[in-house]
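For the sequence shown, my numbering gives the first residue as 1323, with consecutive numbering after it.
The beta-carbon is built from N, C-alpha and C at its ideal position, and this holds for glycine as well.
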Amino acid sequence: MFTHVTVGADDVEASRRFYDAALGALGVEPGQGPDPKGRYWWRTRLGAFAIGKPIDGEPACHANGGTIGFYAKDADAVQAFHDAGVAAGGRAIEDPPGERNGPFGPMILAYLRDPAGNKICALHRKSA
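1. In terms of residue numbering, what span does the alpha helix (DSSP H) encompassing F1403 cover?
2. Return the CA-CA distance between G1424 and Y1393, expressed in angstroms with no decimal places.
3. Determine which residues share a DSSP beta bridge with R1365 and list them.
4. From the DSSP output, which residues share a beta bridge with T1328?
5. Is DSSP giving F1426 helix, strand or coil here?
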């Protein structure tokens, strides 16, 4: 459905370190960059994710009510994402990592705020 997602960060270097750790725990290679606009990119066969200072020159802000979910291959990857993200400057939010029942069946989730305040999660859908 999506080709890429980009979020703003005023401290791009702190966010780069955070995403290298958190996404690295999910098997994603370190971010590439900076590109000519100062962004760092993480790419997989599923899509791309980027961080950078807002192009309009205004301060970065996070979406109130927005969440970006990253694929995790299993429950261990969800926990590794959480642990690496917290160790790299993220903040644990909501319930502790673990199983939840949702409208699409059981899943394993872990939620964090990145250094810029963006809400993200790692998600593994359990087999039906």
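By the coordinates alone:
1. For this step, residue 1403 is matched to residue 81 along the sequence shown. 1397-1409 is the span of the alpha helix (DSSP H), which, as asked, contains F1403.
2. For the purposes of this step, residue 1424 is identified with residue 102 of the sequence shown, where counting begins at 1. For the purposes of this step, residue 1393 is identified with residue 71 of the sequence shown, where counting begins at 1. Looking at the two C-alpha atoms, the distance is approximately 16 Å.
3. Within the sequence shown, numbered from 1, the residue matching residue 1365 stands at position 43. R1365 pairs with A1370.
4. Numbered from 1 along the sequence shown, position 6 holds the residue referred to as residue 1328. DSSP lists A1372 as the beta-bridge partner residues of T1328.
5. As a position in the sequence shown, residue 1426 is number 104, starting the count at 1. Of the three classes helix, strand and coil, the one that applies to F1426 here is coil, per DSSP.
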